[in-house]
Amino acid sequence: MAVKFIVIGFGFMGQTHAGNILKHPAAELAAIVDPYSPMDRLATIRGNKNTVTITVEDVKNIPHYTTMEEAVQKVKADAVIIALPTLLHYPSVMNCLKQGLHVLVEKPFATKVEECEQMVQAARERQKVLAVGYVVRCMREYMILRDYIREGTFGKPELIMFSRITGIPAWGNWKDPEFIKASGGALFDLFSHDADITRFCLGEPSEILTDKVLCSKFNGNMISATFRYPSCDVRIDGGLVPPSPYPFNRHFSAFFENGTLLCEGTTLKFITQDGIKQIDLTDDNPYYRELSNFITAIQTGDESGICTGADAVHSIECCTRIADMLK
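In the working numbering, the protein residues as written are 2 to 328.
As structure tokens, this is what we get:
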């Protein structure tokens with residue numbers, strides 16, 4: 002039987018999730034929640050990646066509600082996907098868990114560790130799946146990186162460098178420290194992706210160091226830190242930079258004893274003394290994979306494919322440590 006979903010928040014991430022729900026044979030889009038009509042949202046919302054496949058025709062017959070409370074009351078759903086501003090994650094997740102719904106909430110979970118822990122406890126008490134949208138775990142190139150680390154394909158990793166940079170959003174006052182604090186800024190909204198994948202690949206760091214010079218740029222919206230491990234250092238750079246049209250750009254280089262993995266956009270290169278091989282990842286859809294893994298967790302209890310709330314807490318703890326160091 003298909004899992005019935007309510008998508009709460011219909012910006013570009015909500016649209017991305019809704020499109021994948023409509024494609025998935027084990028999922029049904031039961032309702033959309035947003036203050037504005039889905040048709041209006043589709044006409045005006047843009048994100049930093051071309052992940053939206055849903056159209057006006059797709060949503061015109063989907064029930065639309067302007068409040069989460071009304072949707073949860075009127076729609077017989079199994080799960081929700083919450084794609085709201087970060088400040089609204091905690092109250093929305095807690096509300097949905099109390100209503101007996103499984104929850105996938107977009108990253109960064111929340112910016113306060115205490116709120117994250119309370120959400121995890123609420124999900125545990127109600128025996129519901131709580132997943133956090135750290136979708137990088139579901140991107141094929143990062144899955145390959147993790148396999149190479151775990152299996153020792155190129156030997157031990159010695160240095161990994163992650164970068165994730167995009168133009169500063171045109172909405173909001175990203176020069177205001179209070180606004181940055183409320184939204185989480187680049188640290189929680191962008192950098193945390195690579196903090197999470199670092200933990201996913203290597204476990205908890207023994208030490209975190211920050212580059213305070215780089216971290217002072219762009220009103221604190223450039224973050225640079227090194228996660229230290231016994232045999233490997235991981236450098237992470239993430240930021241929101243001017244001007245707003247600056248294109249989304251991410252890449253990584255992973256240097257092992259006997260080879261290197263180089264990811265540039267949608268191309269992953271395998272580099273050894275014997276030469277360079279590469280694969281194209283243009284057609285990969287990590288959001289669909291993330292949805293599939295969430296459905297599996299709901300239907301079977303197997304949470305191995307999702308970023309659980311309990312695990313995401315530790316990524317938020319790492320970001321909180323960095324925030325404290327930069328005060």
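Just so it is clear, CB atoms sit at the ideal spot from N, CA and C, and this is done for glycine as well.
Strictly by DSSP, which residues pair up with residue i?
i: residue 241; result: 167
i: residue 211; result: 226
i: residue 66; result: 34
i: residue 54; result: According to DSSP, which records beta bridges pairwise, residue 54 is partnered with nothing at all.
i: residue 268; result: 265, 281
Along the alpha helix (DSSP H) that carries residue i, what are the first and last residues, could you check?
i: residue 117; result: 114 to 127
i: residue 73; result: 69 to 75
i: residue 20; result: 13 to 24
i: residue 33; result: Note, residue 33: premise wrong, no alpha helix (DSSP H); beta strand (DSSP E) at 28 to 34.
i: residue 307; result: Counting along the chain, residue 307 falls outside any alpha helix (DSSP H), and DSSP gives it neither H nor E.
i: residue 92; result: 90 to 99
i: residue 198; result: 193 to 203
i: residue 42; result: 39 to 45
Could you have a look at residue i and say whether DSSP puts it in helix, strand or coil?
i: residue 234; result: strand
i: residue 250; result: strand
i: residue 255; result: strand
i: residue 279; result: strand
i: residue 328; result: coil
i: residue 162; result: strand
i: residue 85; result: coil
i: residue 155; result: coil
i: residue 221; result: helix
i: residue 273; result: strand
i: residue 298; result: helix
i: residue 78; result: coil
i: residue 180; result: helix
i: residue 185; result: coil
i: residue 287; result: helix
i: residue 144; result: helix
i: residue 111; result: coil
I'd like to know whether the C-beta atoms of residue i and residue j end up nearer to each other than 8 Å.
i: residue 33; j: residue 63; result: yes
i: residue 310; j: residue 6; result: no
i: residue 10; j: residue 35; result: yes
i: residue 317; j: residue 114; result: yes
i: residue 143; j: residue 198; result: yes
i: residue 249; j: residue 155; result: no
i: residue 235; j: residue 166; result: no
i: residue 12; j: residue 84; result: yes
i: residue 313; j: residue 133; result: yes
i: residue 69; j: residue 95; result: no
i: residue 243; j: residue 181; result: no
i: residue 186; j: residue 221; result: yes
i: residue 105; j: residue 80; result: yes
i: residue 55; j: residue 23; result: yes
i: residue 158; j: residue 233; result: yes
i: residue 299; j: residue 76; result: no
i: residue 163; j: residue 320; result: no
i: residue 193; j: residue 108; result: yes
i: residue 207; j: residue 231; result: yes
i: residue 203; j: residue 150; result: yes
i: residue 315; j: residue 205; result: yes
i: residue 67; j: residue 17; result: no
i: residue 72; j: residue 102; result: no
i: residue 241; j: residue 219; result: yes
i: residue 1; j: residue 226; result: This structure does not reach residue 1, given that the chain is present from 2 up to 328, and the question cannot be answered.
i: residue 201; j: residue 290; result: no
i: residue 28; j: residue 307; result: no
i: residue 91; j: residue 116; result: yes
i: residue 269; j: residue 280; result: yes
i: residue 285; j: residue 147; result: no
Would the beta-carbon of residue i be found less than 7 Å away from any heavy atom of the ligand ADP?
i: residue 114; result: Absent from the structure shown: the ligand ADP. Ligands present: none.
Taking the beta strand (DSSP E) that residue i falls in, what are its first and last residues?
i: residue 103; result: 103 to 107
i: residue 5; result: 4 to 9
i: residue 264; result: 261 to 265
i: residue 131; result: 131 to 134
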